[in-house]
Structure formats: C-alpha cells, structure tokens
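**Student:**
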Amino acid sequence: MALTIRRAVHTDLAALFAYLNDHLADNGKDGAPLFQPMARSESRLPPEKEAGFITGLGTPVGEPGWRRVWLAFDGTGAIAGHIDLRARLEKPAAHRALLGMGVHRDQRRLGLGARLIEAAMDWARAEAGIDWIDLEVLSSNRPARGLYERCGFTIVGEIADMFRIDGEALAYTFMTRRP
C-alpha cells in the first residue's frame, strides 16, 4: 500500500490527536519499548500537548512555541506515522529545533521512520533555516535509537536515572544532527 507524506494543517488535528492517543496506547505494552516518559497506565496525550500542537501550527517559525508536523497516510487515508519539529524553549536556541515522531504499530520497521525524518530535514534545511535538529529518547528504546543513528543523528549525552516510571529508573539519551 502506497504511503504519502505531507505537512499537517489545522483540519488534520482531530485525526492526529486520535492517532497519537492510539499510538500512546502501545507505550511499553505488548512487547513495545517504553517510548514516552510516562507511566504505562497514563499513556495518553495530555491537554497541554494538544494545546501546543494547536497554537504551534499557527506560530511563525523562529517565534517561541512554533511547531510543524508531517503526517504519513496509508492508502486508506489513515495516519501511518507522524513527525514534528518544534521550537526550543530558549530564545537564543532559535537556530535549533526539537524532533518528536512516531510510527503506527502496523508500519514499524518498514522504512517509514526514515522517510519521515528526511521530510522534516528537507524542510528544515530548505525552508526554515534551522541549523540543528535535536531529539531526546529513552535510552532503553533501542529501535528508536537505532533509527536515529542510521539517519545520521549523533549521541551527545545521556542522563542516568532521568525518569522513574512504573518502578524503573530510566536514562535519557540526547542526540543531534544538522539537517
């Protein structure tokens, strides 16, 4: 089934939020790694994250709170994956962006993650003037770390015992790359 990737617009948000809540239902369950720093029983999109997407899409790049999202759609029109770039909180870091992404359970390990990363990188390089893309990933999430490394991200640090989730101490890995 052919996949298409395009930038999200405000009318995509309801479907995106439904997809993200379904995606988060896999967080650390049924053999999937813990991929978000939240308890398995509380893995759903918090209202403040929804608000960040809503306001961020309309905020100009370079302004605090901006966010851009790309969605991958399968042949039926269902969301198969997403990637977003967003402003760092610190104004002097406006030349950098934070990356977040996810791929639907039925599309994992088929190359979609790399395609989403390249779509965001192309935009950051050609249209946004972003010099660095940063990401944070749970150190135990080996599939995600492997994808990022294959896509050219470099590990720049790790914080041991950053999170304590469901009785487990988890480290956080920081990675970066130029678009």
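With the UniProt record's numbering, letter number 26 in the sequence shown gets 26, and the count goes up by one each step, no holes.
Glycine included, every Cβ here is placed at the ideal spot set by N, Cα and C.
Name the residue from Cys151, Gly58, Ser41 and Ser43 whose alpha carbon lies nearest to the alpha carbon of Leu13.
**Tutor:** Checking every option, the nearest Cα to that of Leu13 belongs to Gly58.
**Student:** What number of angstroms, rounded off, separates the C-alpha of Leu99 from the C-alpha of Asp84?
**Tutor:** If I take the Cα positions, the gap works out to 6 Å.
**Student:** Measuring only from the beta carbon, is Gly157 closer than 8 Å to any heavy atom that is part of the ligand MG?
**Tutor:** The model depicted lacks the ligand MG and carries no ligand whatsoever.
**Student:** Taking the alpha helix (DSSP H) that Leu20 falls in, what are its first and last residues?
**Tutor:** That run of the alpha helix (DSSP H) goes Leu13 to Leu24.
**Student:** Flag this pair as yes or no: are the beta carbons of Thr81 and Leu24 separated by less than 9 Å?
**Tutor:** The residue asked about is misnamed: residue 81 is Gly in this sequence, not Thr. It is not a contact, given that the beta carbons lie outside the stated cut-off.
**Student:** If Pro64 and Lys91 are in contact, beta carbons under 8 Å, what's the gap, nearest whole angstrom?
**Tutor:** 7 Å
**Student:** Tell me, to the nearest whole angstrom, how far the beta carbon of Leu3 is from that of Ala72; I am working on the premise that it is less than 8 Å.
**Tutor:** With a beta-carbon spacing of about 5 Å, Leu3 and Ala72 fall inside the 8 Å limit used to define contacts.
**Student:** How long is the line joining the alpha carbons of Arg68 and Tyr172, rounded to whole angstroms?
**Tutor:** 24 Å
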